[in-house]
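Numbering (the UniProt record's numbering), first residue to last: 1 to 126.
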Amino acid sequence: MNRRRDSKPLRIGDVSVGGDAPVVVQSMAKTDTRDITATINQIRELEECGCEIIRVAVPDEEAAQALSAIKRDIRIPLIADIHFDYRLALTSLGAGVDGLRLNPGNISDPEHIAVVVRAAKPRQVP
1 MNRRRDSKPL RIGDVSVGGD APVVVQSMAK TDTRDITATI NQIRELEECG
51 CEIIRVAVPD EEAAQALSAI KRDIRIPLIA DIHFDYRLAL TSLGAGVDGL
101 RLNPGNISDP EHIAVVVRAA KPRQVP
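Here it is as structure tokens:
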């Protein structure tokens, strides 16, 4: 059996990942995040299959604004997958997401990343 690499433990919502925590099942919704009903329905199906963390694409402001309604109707931690515009991460934080993923291929300005980190840190959002 392969040995897991050492990693720093952290929490995404109420789920522990890394460190000695058990491996966690996560998935990414394939729906258009702006379609709140379809996204919630797909996440609920994934929850029933054992998914413990869900990631959704946040390509624009409308998708970011949909996150609070999605978060309210699901039971597992929600991660916002941010591309191109770091300000979408700030809106996502305001919507109550449990985690952020900044695409390193298109969000690389250290100043923009620092703004997001400063906003996420007091909320304890990784």
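We put the beta carbon where it would ideally sit given N, CA and C, even for glycine.
From a predicted model like this one, the values you see are computed outputs, not experimental measurements.
Taking the alpha-carbon of residue i as reference, which of the options has the nearest alpha-carbon?
i	options	result
residue 69	20, 113, 111 and 96	96
residue 103	10, 93, 89 and 115	89
residue 40	113, 60 and 78	78
Rounded to whole angstroms, what's the CA-CA distance from residue i to residue j? Just pull it up for me.
i	j	result
residue 105	residue 30	21 Å
residue 38	residue 66	12 Å
residue 53	residue 28	9 Å
residue 84	residue 7	28 Å
residue 14	residue 23	14 Å
residue 92	residue 72	13 Å
residue 21	residue 3	14 Å
residue 64	residue 5	33 Å
residue 108	residue 32	25 Å
residue 113	residue 19	25 Å
residue 80	residue 60	11 Å
List the whole-angstrom C-beta distance separating residue i from residue j, where the pair is believed to meet the contact cut-off of C-beta under 8 Å.
i	j	result
residue 74	residue 44	7 Å
residue 101	residue 55	6 Å
residue 12	residue 99	4 Å
residue 50	residue 17	About 15 Å separates the two Cβ atoms, so there is no contact after all.
residue 126	residue 10	5 Å
residue 62	residue 34	5 Å
residue 82	residue 115	Wrong, their Cβ atoms sit about 12 Å apart, outside the cutoff.
Does the CB of residue i have a neighbour CB from chain D at under 9 Å?
i	result
residue 3	The displayed structure is made up of one protein chain only, and chain D is not part of it.
Inset, instruction - Ignoring anything shorter than 4 residues or poking outside the UniProt domain "IspG TIM-barrel" (8 to 126), list the alpha helix (DSSP H) runs there in chain order. - result: DSSP runs (the alpha helix (DSSP H)) wholly in the UniProt domain "IspG TIM-barrel" (8 to 126): 36 to 48, 61 to 72, 87 to 94 and 110 to 120.
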